[in-house]
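Q: Under my numbering, residues 1194 to 1319 are what the sequence shown spells out, in order.
Take this structure, written in structure tokens, and hold onto it; I'll ask about it next.
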Amino acid sequence: MMGSKTKLQASTNDMQPWTGCDWETEFGPLKLNLQGIRSCQALLAASATRGEEAQQWRDAAKWLQKLEADARQASELRLMADQAERAGRSGDVASLRNAAASIEQRYLGRNRHPNRIFAAERQVEF
1194 MMGSKTKLQA
1204 STNDMQPWTG
1214 CDWETEFGPL
1224 KLNLQGIRSC
1234 QALLAASATR
1244 GEEAQQWRDA
1254 AKWLQKLEAD
1264 ARQASELRLM
1274 ADQAERAGRS
1284 GDVASLRNAA
1294 ASIEQRYLGR
1304 NRHPNRIFAA
1314 ERQVEF
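Shown next as structure tokens:
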């Protein structure tokens, strides 16, 4: 027996929101590991370096900005799904969770490898 917390509340409360790159990477030709790095930190690294390394950090910052925005959106959708569930709106719950999962799948579906993701996105103007 779980006491005053339901199983759903316990699992929801224990989950940490996704905020950014939380996996090891080999980003670009220099194989930068972006795990735990925020886009603002990548921009600082770009300003502290020159040439190819600076460009790699700028590219990494762009990719991290997109990832961070996606992480925020997915987290917001999951929060909205939790609120909808508490309010008894089961139809909204499924669609909100599916929307969050779809965003997350952009990264998980590519084995969470930024080179493959960024290579495709690089064709598009940021």
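Positions of the beta carbon are idealized from the N, C-alpha and C atoms, including for glycine.
Could you please give me the residues that DSSP links to leucine 1324 through a beta bridge?
A: What the structure shows of the chain is the stretch from 1194 to 1319, and residue 1324 is not part of that stretch, so it cannot be assessed.
Q: So, does the region 1242-1259 touch the region 1215-1226, judging by three or more C-beta pairs under 8 angstroms?
A: The region 1242-1259 vs the region 1215-1226: in contact.
Q: Where does tryptophan 1211 sit, in a helix, a strand or coil, going by DSSP?
A: Taking the first residue of the sequence shown as position 1, residue 1211 is located at position 18. In the structure shown, tryptophan 1211 sits in coil (DSSP, three-state: anything other than H, G, I, E or B).
Q: I want to see whether chain B comes within less than 8 angstroms of glycine 1284, judged by CB atoms only; does it?
A: Absent from the structure is chain B; it holds one protein chain and no more.
Q: Straight-line CA distance for glycine 1229 to alanine 1292?
A: The count along the sequence shown starts at 1 and reaches residue 1229 at position 36. The count along the sequence shown starts at 1 and reaches residue 1292 at position 99. Rounded to whole angstroms, glycine 1229 to alanine 1292 spans 25 angstroms at the Cα level.
Q: Using the Cβ count rule (16 or more neighbours within 10 Å means buried), how would you classify serine 1295?
A: The residue labelled residue 1295 in the question sits at position 102 within the sequence shown. So serine 1295 ends up on the exposed side.
Q: Touch check for the region 1210-1217 and the region 1265-1282: three-plus C-beta pairs under 8 angstroms?
A: Because the criterion of three Cβ pairs below 8 angstroms is met, the region 1210-1217 and the region 1265-1282 touch.
Q: Assign cysteine 1233 to one of three DSSP states: helix, strand, or coil.
A: In the sequence shown, the residue the question calls residue 1233 occupies position 40. In the structure shown, cysteine 1233 sits in a helix (DSSP, three-state: H, G or I).
Q: Could you tell me if leucine 1257 is buried or exposed, where buried requires 16 or more neighbouring beta carbons within 10 angstroms of its beta carbon?
A: By one-based count along the sequence shown, residue 1257 stands at place 64. Burial call: buried.
Q: To the nearest angstrom, how far is the alpha carbon of alanine 1238 from that of tyrosine 1300?
A: Locating residue 1238 in the sequence shown gives position 45, where the first residue counts as 1. Locating residue 1300 in the sequence shown gives position 107, where the first residue counts as 1. Answer to the nearest angstrom: the Cα atoms are 24 angstroms apart.
Q: Helix, strand or coil for alanine 1292 per DSSP?
A: Position 99 of the sequence shown, counting from 1, holds the residue named residue 1292. Here alanine 1292 sits in helix by DSSP.
Q: Contact check, leucine 1236 vs alanine 1262 under 8 angstroms by CB: the rounded distance?
A: Looking up residue 1236 in the sequence shown gives position 43. Looking up residue 1262 in the sequence shown gives position 69. 15 angstroms between Cβ atoms; not a contact.
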